[in-house]
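Here the sequence shown is numbered in my numbering, starting from 2 and rising by one per residue. Built from N, CA and C at the ideal position, the CB exists for glycine as well. Beneath this line is the structure, given in structure tokens, with notes to follow.
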Amino acid sequence: MKISVPATSANLGPGFDSVGLAVSCYLSIEVLEESSQWVIEHDLAGVPSDENNLLIKTVLEVAPDLHPHRIKMISDIPLARGLGSSSSVIVAGIELANQLGQLNLSDDDKLSIATKIEGHPDNVAPAIFGNLVVASYINQELNKIVADFPETALVAYVPAYELKTSDSRQALPQELSFKEAVLASSVANMAVAGLLTGDLEMAGRAMSQDRFHEPYRQKLVPEFPEIRELGQNFGAYATYLSGAGPTVMTLLPKDKKEAFILALEKQLPAKVLALEVDRKGVVVEH
Ligand code: HSE
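Written out as structure tokens, the structure reads:
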């Protein structure tokens, strides 16, 4: 059995902790034979290979009595870069427990478990459902809408340095004034309304005017303003900080993608990923 889970790009500008998109870069796990203890084969430096691995921690949280297996894990998702690598592992762990334990979890059950573990739904929800997910999680009550993301090219600029979500959240203010919150939420409303009606130009303008987190995190990702400016030269709809960063995501017309990537690689050498929207979410193959 093989389980694959997409990477995710959260926030999309002003949709802080609430909006996320599944993208075409994957974590996959293959379930091998039963074993006396859990073993994860992988080539990710610094990641545990036993029960301390987040995958197995998640499995055991969902189904503590499962018989251990040997698992092969392969991931193309850059770690600690704002592309939901740990959310993908959590979703894979829940699905693994679901399959091995024959738990018959619905997608909403999986979302509820994953959100409790992760604390917010913006990465785990698109990792489960694919596509665009708008969600809220307030006083343990979870609501979500899954919708088709408009056709666009996605270009992820992935810096060589890591940025831990906890460190990136430390940069955020404790409070916003009522006036600032009203402005920030009006921008978020426009971004979501634009995305849901397929108006990428309108959505993109709003996505580039976030007031919840990007102004405070800019200093952690110094390349961000330069990439946004370069994107504008290529007709980009939006450039935003993916999740907690440091990846910077640019949405632009498909016919501008190649030229933008060439210019970006020339101006700011780093890993650049040409991505598409993933429309499936977690997939199980038997
Ligand atoms: N919404 C989260 C943040 C995503 O921006 O901190 C990262 O987990």
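DSSP beta-bridge partners of residue i
i       : result
Tyr-158 : Val-249 and Val-273
Asn-144 : Ser-137
Val-40  : Arg-71
Val-284 : Ser-5
Coarse secondary structure for residue i, derived from DSSP in three states
i       : result
Pro-151 : coil
Ile-118 : helix
Arg-206 : helix
Gly-199 : coil
Leu-184 : helix
Ser-19  : strand
Asn-99  : helix
Arg-218 : helix
Lys-73  : strand
Asn-190 : helix
Pro-226 : helix
Glu-62  : helix
Rounded C-alpha distance that separates residue i from residue j
i       : j       : result
Ala-128 : Glu-224 : 27 Å
Ile-287 : Val-32  : This sequence places His at residue 287; Ile is not what is there. Going from the Cα of His-287 to the Cα of Val-32 covers about 10 Å.
Val-90  : Gly-120 : 15 Å
Ser-37  : Lys-272 : 40 Å
Leu-276 : Asp-66  : 38 Å
Lys-258 : Ala-115 : 34 Å
Glu-181 : Phe-261 : 34 Å
Val-159 : Ile-139 : 31 Å
Pro-174 : Glu-215 : 11 Å
Ser-243 : Gly-83  : 5 Å
Pro-247 : Ala-161 : 9 Å
Any non-hydrogen atom of ligand 1 within 7 Å of residue i CB
i       : result
Asp-18  : yes
Ala-11  : yes
Ser-169 : yes
Thr-248 : no
His-214 : yes
Ala-161 : no
Ala-23  : no
Asp-211 : no
Pair every Cβ in the segment 75-84 with every Cβ in the segment 101-120, then say whether three or more of these pairs are closer than 8 Å. In short, these stretches do not touch, since the Cβ pair count stays below three.
Using 8 Å as the Cβ pair cut-off and three pairs as the minimum, do the segment 37-53 and the segment 132-147 touch? They do not touch, by the three-pair rule.
Count the C-beta pairs between the segment 197-212 and the segment 161-173 that are closer than 8 Å, then say yes if the count reaches three, no if not. The segment 197-212, when compared against the segment 161-173, does not touch it at the 8 Å Cβ threshold.
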